[in-house]
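Engineer:
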Amino acid sequence: MKLNFLLLVILKLSMANIMVTAQEYRFVEIQDGQLGFRTYGSGDPLLIINGSPGNGSDDNIFLAKKLSKHFQTIIFDYRGTGASYINKIDSNSITFEKMVTDIEKVRIGLGVKKWN
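Per this note's numbering, the sequence shown starts with residue 20, numbered consecutively.
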């Protein structure tokens with residue numbers, strides 16, 4: 020009985036964390052899908068780019084929150100990762116050119132005049 024209660028509490032706490040994380044996302048439309056991004060803090064915008072195209076932005080949350088004391092930090096999920104999606108994943112839908120276009124969509128969605 021105590022074990023069941025403990026498991027229920029752990030499940031409830033972990034679900035609350037997921038819900039909070041999901042609420043932090045904002046989205047911009049792209050030609051073939053949608054990009055999820057999160058912002059922290061205020062001030063000059065600082066875009067934090069993930070280490071590799073296959074990773075979502077979760078690895079950068081700590082850094083984004085730490086730097087948000089001085090900047091508005093922005094992290095985003097590449098197309099097809101994390102909270103972002105695209106209709107079709109193939110060699111034509113994931114390119115560096117489209118990544119640049121996606122970053123511009125985030126900039127415009129935030130109302131940022133230009134990246135510094």
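Note that CB positions come from ideal geometry on N, CA and C, so glycine has one too.
Suppose contacts are defined by Cβ-Cβ distances below 8 Å. Is D51 in contact with S112 by that definition?
Structural biologist: For D51 and S112, yes; Cβs fall inside 8 Å.
Engineer: Would you mind reading off the limits of the beta strand (DSSP E) that contains G52?
Structural biologist: G52 to Y59 is the span of the beta strand (DSSP E), which, as asked, contains G52.
Engineer: Evaluate G62 with the Cβ neighbour count: other Cβ atoms within 10 Å of its Cβ, from every protein chain shown; 16 or more gives buried, anything less gives exposed.
Structural biologist: Label assigned to G62: exposed.
Engineer: Any heavy atom of the ligand NAP inside 7 Å of the beta-carbon of W134?
Structural biologist: In the structure shown, the ligand NAP is absent, as is every other ligand, since no ligand is present at all.
Engineer: Is I93 closer than 8 Å to L54 when the C-beta atoms are compared?
Structural biologist: Their beta carbons are not under 8 Å apart, which means L54 does not touch I93 by this criterion.
Engineer: Between the C-alpha atoms of T40 and S76, what's the straight-line distance to the nearest angstrom?
Structural biologist: Note on T40: pLDDT 49, under 50, position unreliable in the model; no value is reported.
Engineer: Using only alpha-carbon positions, find the residue among I68, K107, Y59 and G60 that is nearest to Y97.
Structural biologist: Comparing Cα-Cα distances from Y97 to each of I68, K107, Y59 and G60, the minimum goes to I68.
Engineer: How many Å lie between F95 and K85 at the Cα?
Structural biologist: Straight-line Cα distance between these residues: approximately 16 Å.
Engineer: Report buried or exposed for L66, applying the criterion of at least 16 other Cβ atoms within 10 angstroms of its Cβ.
Structural biologist: It counts as buried.
Engineer: Quick one: using the 10 Å Cβ neighbour count with 16 as the cut-off for buried, is F56 buried or exposed?
Structural biologist: Buried, by the Cβ-count rule.
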